[in-house]
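Per my numbering, the sequence shown starts with residue 5, numbered consecutively.
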Amino acid sequence: MREYIKTGLILTAFMVAAGLLVSIVYNFVNPMIVQSEFNNTLSAIEEVLKDANTGEYLVSNIPTNEEQLEKNIWKEDQDGVLYVSPKNAKVFSPIYKFTENNTEIYVMTVSGVGYGGDVVSVISFIKKDDVQITLNKIEVINYSQETPGLGAKISEEPVKKRFSLIPESGLNVGVKVDKDAGVTVPTNSINSYKEQGVVKTSDVMTGATITPRAVADSINAAVEFLKEEGVM
């Protein structure tokens, strides 16, 4: 009996020690993970604050830290999610709004359901002179569960570029990839098809439909939210 008690006490001691060790490691590592995620998001925000046509910054004061970024918060929610679409695409809190030279730039973090999990992007919309709005740029910041060589291509520049500069006409009818739209988009008509909300990805993401569809769904969720808020 004593041996059983002794063994039990030893196992209990090991479990307590292991729990304490895990707690210490977590408390040490977690702040670094949070900071790394913030830096990743901040870098993406800086990128989408560039004009997709010219590559020049849309605003003169680019935030370089959390304090500066917080000054541009437009909408936020303590729950962390501002909107969930019928397709389970999400708009996350907070949303930032930058204003310069009669131009409003809305920067949002959004997600859509991909092949292996959520595909998360930072996107920007430009509204000039209080008239029509345009999707300017996207930066994909989390696609870790997508298939290498297929869905994981979503972060490559040629793919991201396809989701840039979508006019309000295309946003209003709903963004969709060419395979889902059931159309063949000629190479010389890629931009004109964006006016219909059709984004050609079949040539730059051969064999992958679910991941770019996730990005399209996330853009549509952002548009739905902006409409609810009277921006569009």
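Cβ atoms here follow ideal geometry from the backbone N, Cα and C, with glycine treated the same way.
Is the beta carbon of S128 sitting closer than 8 angstroms to the one on I145?
no
Can S168 and N192 be called in contact, C-beta distance under 8 angstroms?
no
Span of the beta strand (DSSP E), counted from its first residue to its last, around G174:
G174 -> not in any beta strand (DSSP E); alpha helix (DSSP H) instead, spanning E172 to V177.
E70 classed as buried or exposed, judged by whether at least 16 other C-beta atoms fall within 10 angstroms:
exposed
Thinking C-beta only, is G118 closer than 8 angstroms to E150?
yes
According to the Cβ coordinates, are S97 and E80 closer than 8 angstroms?
yes
Give, in chain order, every unbroken run of the alpha helix (DSSP H) that is at least 4 residues long and sits entirely within the region 48 to 135.
70 to 74
Let me make sure I understand the geometry here. Which of N224, A220, I214 and G234 has the alpha-carbon closest to that of G121?
I214
Assuming K94 contacts S125 under a Cβ cut-off of 8 angstroms, what Cβ separation, rounded to an integer in Å, is found between them?
About 11 angstroms; that fails the 8 angstroms criterion.
Within 10 angstroms of its Cβ, does V227 collect 16 or more other Cβ (buried), or is it exposed?
buried
Just to confirm the assignment, what range does the alpha helix (DSSP H) spanning E228 have?
I214 to E232
Which residues does DSSP pair with T151 in a beta bridge?
DSSP lists no partner for T151.
Pick from Y87, G59 and S148 that is closest to M112, judged by C-alpha positions
Y87
Within its chain, find whatever has a CB closer than 6 angstroms to the CB of E138; leave out the 5 residues flanking it on each side and keep chain order.
Going by the sequence as given, residue 138 is Thr instead of Glu. Hits under 6 angstroms: I130 and P171.
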